[in-house]
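Single-structure report; data block below.
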Amino acid sequence: MILLVVDMQKGIVDDELYAFDSFMEKTVRLVDAARKNGVEVIFVQHDAGENTGLSVGDEAFEIIDELSPEQGEQVFVKKINSCFGNKDFREYMEKQEDRRLMIIGLQTNYCIDCTVKSAFERGFEVLIPEGTNTTFDNDYMTGETCVRYYNEDVWEELADIVSVEEAIDMFSRK
C-alpha cells in the first residue's frame with residue numbers, strides 16, 4: 007500500500023477549506039500512522055507555473071511544516087490536476103506490485119478527483135479515508151456539498167471510502 011499526499015502546500019492549505027480543523031487532524035494522523043507502520047508515503051506538489059506564486063521556489067509551493075517529507079520519501083511535482091500527469095510518478099507507480107493506493111489531500115474537486123479516476127483506470131485499488139480530502143466553497147456549491155458529492159456519489163464505483171480508523175488498521179496489516 008502507498009499513501010499518496012496531494013497538494014498539501016503552504017499556498018493552498020487554508021482555514022477557509024471545508025472542515026479544516028478535522029481535515030488537518032485526520033491528515034496528519036494518517037501520515038504519522040503510515041510512517042510508524044512502514045507504509046510508503048509519497049508527496050505530490052502542484053506547480054501552477056511562473057509568476058503564479060505557486061511554483062517551484064515560491065514559499066507557497068512548499069509542503070506545509072506539519073507534513074514535511076522525511077528523508078527517503080518520494081516527492082513529485084505535477085503541472086496538471088492528475089498526479090499521473092507527471093511521467094516519473096506514473097512510471098514509478100506502474101512498477102508497484104501492491105496496487106493499493108490511499109489518496110488524501112487537496113482539492114476534492116480538482117486534483118483528488120482527477121487522481122482517483124486516473125488511478126482507477128490504471129487498475130489501482132483506490133482507498134479514500136473519510137474526511138481526508140477537502141475543498142473551498144465555489145460559485146456552484148459549498149465546500150461541504152462538493153466533498154459529499156465526490157465522496158458519496160462520484161467515486162462510489164471507483165474507490166472504497168473507509169474511516170480513518172480502518173485506514174490506520176490497514177497500515178498495520180500492510
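When you line the sequence shown up against this note's numbering, it's residues 7 to 180, in that order.
The beta carbon of each residue, even a glycine, is placed where N, CA and C say it ideally should be.
| Query | Result |
| --- | --- |
| beta-carbon Cys89 near the ligand ZN non-hydrogen atom, thresh 8 angstroms | Annotation note on the ligand ZN: not contained in the displayed structure, which lists no ligands. |
| Check whether Gly111 and Leu10 have beta carbons under 9 angstroms apart | yes |
| Asn144 classed as buried or exposed, judged by whether at least 16 other C-beta atoms fall within 10 angstroms | exposed |
| Where Asn139 sits in the DSSP three-state scheme | strand |
| C-alpha gap between Leu133 and Ile8, whole angstroms | 10 angstroms |
| Beta bridge counterpart(s) of Gly111 as assigned by DSSP | Val12 and Asn139 |
| Alpha carbon of Ile174 to alpha carbon of Phe29, nearest angstrom | 15 angstroms |
| At least three beta-carbon pairs within less than 8 angstroms, the stretch 49 to 58 to the stretch 147 to 167 | no |
| Segment contact flag, the stretch 150 to 160 with the stretch 40 to 53, C-beta cutoff 8 angstroms, min 3 pairs | no |
| Neighbourhood of Ile70 by C-beta distance below 6 angstroms, restricted to the same chain and skipping five residues each side | Met14, Lys16 and Val19 |
| Segment contact, 8 angstroms Cβ cut-off, at least three pairs: the stretch 71 to 91 with the stretch 122 to 132 | yes |
| Span separating the alpha-carbon of Phe6 from that of Thr148 | The requested residue 6 is not part of the displayed model; the chain covers only 7 to 180. |
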